[in-house]
Amino acid sequence: MSDKKKSVDHDLIRELSRLLTETDLTEIEFEDDDMRIRVARNPAPAVPVPPAPPPPPAPSAEQSHRPATQPDDMSSHPGALLSPMVGTAYLAAEPGARPYIDIGESVREGQTVMIVEAMKTMNQIPATRSGKVTRIFVEDGQPVEYGEPLMIIE
Amino acid sequence: MDETGLPSGYRREAHDSVTSTSSVVLERARNGDPGGLWVTARDQTEGRGRRGRHWTTGEGNLAASLLLVDPAPPPIAATISFVAGLALHRAIVGLAGIALVERLKLKWPNDLLLGGRKVAGILVEGEKMADGRFAVAVGIGVNCLSHPQSEATFAADDLMTGGVAIESERLFAGLAFTMADEIERWDRGGGFAEVRSAWLDRAYGIGERITVNLNDRVIDGSFETLDDDGRLVLGRPGGARETISAGDLFFAGRA
Numbered sequence: 001m002s003d004k005k006k007s008v009d010h011d012l013i014r015e016l017s018r019l020l021t022e023t024d025l026t027e028i029e030f031e032d033d034d035m036r037i038r039v040a041r042n043p044a045p046a047v048p049v050p051p052a053p054p055p056p057p058a059p060s061a062e063q064s065h066r067p068a069t070q071p072d073d074m075s076s077h078p079g080a081l082l083s084p085m086v087g088t089a090y091l092a093a094e095p096g097a098r099p100y101i102d103i104g105e106s107v108r109e110g111q112t113v114m115i116v117e118a119m120k121t122m123n124q125i126p127a128t129r130s131g132k133v134t135r136i137f138v139e140d141g142q143p144v145e146y147g148e149p150l151m152i153i154e
Numbered sequence: 155m156d157e158t159g160l161p162s163g164y165r166r167e168a169h170d171s172v173t174s175t176s177s178v179v180l181e182r183a184r185n186g187d188p189g190g191l192w193v194t195a196r197d198q199t200e201g202r203g204r205r206g207r208h209w210t211t212g213e214g215n216l217a218a219s220l221l222l223v224d225p226a227p228p229p230i231a232a233t234i235s236f237v238a239g240l241a242l243h244r245a246i247v248g249l250a251g252i253a254l255v256e257r258l259k260l261k262w263p264n265d266l267l268l269g270g271r272k273v274a275g276i277l278v279e280g281e282k283m284a285d286g287r288f289a290v291a292v293g294i295g296v297n298c299l300s301h302p303q304s305e306a307t308f309a310a311d312d313l314m315t316g317g318v319a320i321e322s323e324r325l326f327a328g329l330a331f332t333m334a335d336e337i338e339r340w341d342r343g344g345g346f347a348e349v350r351s352a353w354l355d356r357a358y359g360i361g362e363r364i365t366v367n368l369n370d371r372v373i374d375g376s377f378e379t380l381d382d383d384g385r386l387v388l389g390r391p392g393g394a395r396e397t398i399s400a401g402d403l404f405f406a407g408r409a
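First to last, the sequence lines map onto chains Z and H.
Going by this note's numbering, the first residue of the first sequence is number 1, and it counts up by one from there.
Going by this note's numbering, the first residue of the second sequence is number 155, and it counts up by one from there.
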C-alpha cells in the first residue's frame, strides 16, 4: 500500500454520509481501484475500511442464517480461538454425543475442542492454548467464516 | 512403481479387520508416520461416515484410507475431497471401460453414484498433531460386491449389482495410481481449478433441482456449479444464489 492510501478522503466520507441520511439507507459502500469505504449508521459508526482483503464472493446460505449478535470484536481477544476455515462448526463428534468441551471446563493446548466441516472434510480444531473455556460463540451445526471467533480460552 | 505395486512414495498396510482404516492412519500419524501410507482392511468394526453415521464394509468391499501429512494449509486441504472422488471415478472407469461414464457420477462433494445410487463414500478427516504437523486421513469405502440394505440416507447399491464386476484388490491397485496422479495434479491446492473442471465433467445433477439438508434446515434450488473453493452454488427461486460448504444433497424426482 502506498502512502497516499493511508490518508482518508474526508470529503468523500462526508458526501457518503449525507447520501446515507438523504436516502434513509443504513449503509453505503464505495469502492475504487485501491480503496473501499463503508459508511453505516446504527448499529456501527462510520468507519473507513481498508481495501484488503476482499469479502467472500457470494452471499452464502449459511450467512443468512446466523444469529444477530456477532462476536466480531472478540477476534482480537488474546484467548480467542479463530476458525481456520469456512465451514460448519460442530461441538460434538456426532449428533447427540457429549460436546468436546463446555463453558467452564479446562482444556490443554492441542486438545480437540470442536470440528469444522467443509466439503465433507471433518477438521478437528485444537485448542491453541491451555486454559479454561469462558465463552463459546457458535452453536452446534452453525456455519462459520474464516477467522471467526469460535471460543475464548483464558 | 516399485515391488510393492504402489506408486513411488507410497506404502501400504493391509489388514483383515480394523476398527476403522482412518482411525489407524491417524494413529500412525500421531506416532510420527511421514504420510503416503495406505491402510486397507477387509472388514471394519467401526467404519464411519459423515456426522457419526456408521459405514458398513460388506465382504468383498473396499475400505482404504490414505494418510497425507501437511498436504496443504487446512483451509485449502478440504478440496482433497474432490481429488479423492475424481481418482476413484477414474480408477473404476479405467477398469470397467469408458462406457461407464454415462452411469457413474460424482455427487457433491464426493460420493460416487452408479445409476443414481450410492456405491462409494469418502470421508476426509484432518487433525493437527501435537508436533504441529497437519494430518489428513482420506477414507474411501466402495461397495464392490454388496451394499447395506437399510440405515442409508441415500439409496445404496454395489458395483456388482450395477453390472460392474471389479474385485476390491484390483480396484485398490488402480486407485493407488489414480490417487497419486490426481494429488499431483491438485498440486497442494494450486491445481484445484483443473480438478474442479474434471470433477464437473463427471458430476451428477448439474442444472437439476436439488434439496440440501443443512444441519438445521432444508433449502432447495438449482444446482448451478461449484465455486472456486469447491462450494456448491445453489440458484434459489427468485434468482438469488447461495453457496454451501456442508450438507446432504437430494435430487428432486429421483430415487
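Cβ atoms here follow ideal geometry from the backbone N, Cα and C, with glycine treated the same way.
Fair warning: this is a prediction, and the values are worked out from it, not measured in the lab.
Z/E145 has a beta carbon lying at 8 Å or more from every beta carbon in chain H. Around the Cβ of Z/P95, a 10 Å sphere holds fewer than 16 other Cβ atoms; the residue is exposed.
In the DSSP assignment, H/L242 falls within the alpha helix (DSSP H) that extends over I234 to A250. Contact check between the stretch 238–252 of chain H and the stretch 264–281 of chain H: three or more CB pairs, one atom from each, fall below 8 Å, which counts as touching.
Contact annotation for Z/P78 against chain H: no contact, minimum CB-CB distance about 20 Å [criterion: below 9 Å]. DSSP places Z/P126 in no alpha helix (DSSP H) but in the uninterrupted beta strand (DSSP E) bounded by T121 to P126. According to the DSSP assignment, H/W353 belongs to the alpha helix (DSSP H) that extends over F346 to D355. For H/F331, the uninterrupted alpha helix (DSSP H) run begins and ends at S322 to W340, by DSSP.
C-alpha of H/A309 to C-alpha of Z/E154: approximately 47 Å in a straight line.
By a beta-carbon distance limit of 8 Å, H/A195 contacts H/A217. Their separation comes to about 5 Å. If you draw a straight line from the Cα of Z/M74 to the Cα of H/A231, it comes to about 26 Å. Under the 8 Å Cβ criterion, the stretch 319–328 of chain H does not count as touching the stretch 341–349 of chain H, having fewer than three qualifying pairs.
Secondary structure of Z/T134 (DSSP, three-state): strand.
Separation of the CB atoms of H/R165 and H/M283 is rounded to 18 Å, and the pair is thereby denied contact status at 8 Å. By the 16-neighbour rule on beta-carbons within 10 angstroms, Z/P149 is buried. Taking the beta carbon of H/R205 as reference, the chain Z residues within 7 Å of it are E94 and P95, listed in sequence order.
Not one beta carbon of chain Z lies nearer than 8 Å to the beta carbon of H/I294.
When the five nearest sequence neighbours on each side are left out, the beta carbons in the same chain lying within less than 6 Å of the beta carbon of H/H169 are those of A195, in order along the chain.
For Z/P126, the C-beta contacts it makes with chain H under 7 Å involve K282, in order along the chain.
Contacts between Z/E117 and chain H, judged by CB atoms closer than 7 Å, involve A400 in chain order. For H/D187, no Cβ of chain Z is located within less than 8 Å of the residue's own Cβ. In the structure shown, H/V318 falls within a coil segment according to DSSP collapsed to helix, strand and coil. Of all C-beta pairs linking the stretch 130–145 of chain Z to the stretch 76–91 of chain Z, three or more are shorter than 8 Å, placing the two stretches in contact. Chain order gives the chain H residues near Z/K120 as R204, S235, P263, N264, I276, L277, V278 and A400, where near means a beta carbon separation below 8 Å.
Taken through DSSP and simplified to helix, strand or coil, H/M283 comes out as coil. Rounded to whole angstroms, the separation of the alpha carbons of H/D402 and H/G206 is 14 Å. Z/S130 and Z/A80 have their alpha carbons spaced roughly 12 Å apart. Contacts between H/G384 and chain Z, judged by CB atoms closer than 7 Å, involve M119 in chain order. Nearest in C-alpha terms to H/V179, of all of H/F236, H/D285 and H/G293, is H/G293.
In its chain, beyond the 5 residues on either side, V179, L221 and V223 have a beta carbon closer than 8 Å to the beta carbon of H/D187. If the five residues before and after H/V387 are omitted, its C-beta is found closer than 7 Å to the C-beta atoms of E378, T379, L380, D381, R395 and T397, all from its own chain and listed in chain order. Taking all protein chains in view, the Cβ of H/L354 is surrounded by fewer than 16 other Cβ atoms within 10 Å, so the residue is classified as exposed.
Counting only residues of its own chain and dropping the five nearest sequence neighbours on each side, Z/E105 has a CB closer than 6 Å to the CB of V133.
Residue-level contact check: H/P225 does not touch chain Z, since none of the beta carbons of chain Z fall below 8 Å from its beta carbon. Contact between H/A238 and H/I276 holds: CB atoms are separated by about 5 Å, below the 8 Å threshold. Against chain Z, the CB of H/D370 has a partner CB under 8 Å away; the residue lies at that interface.
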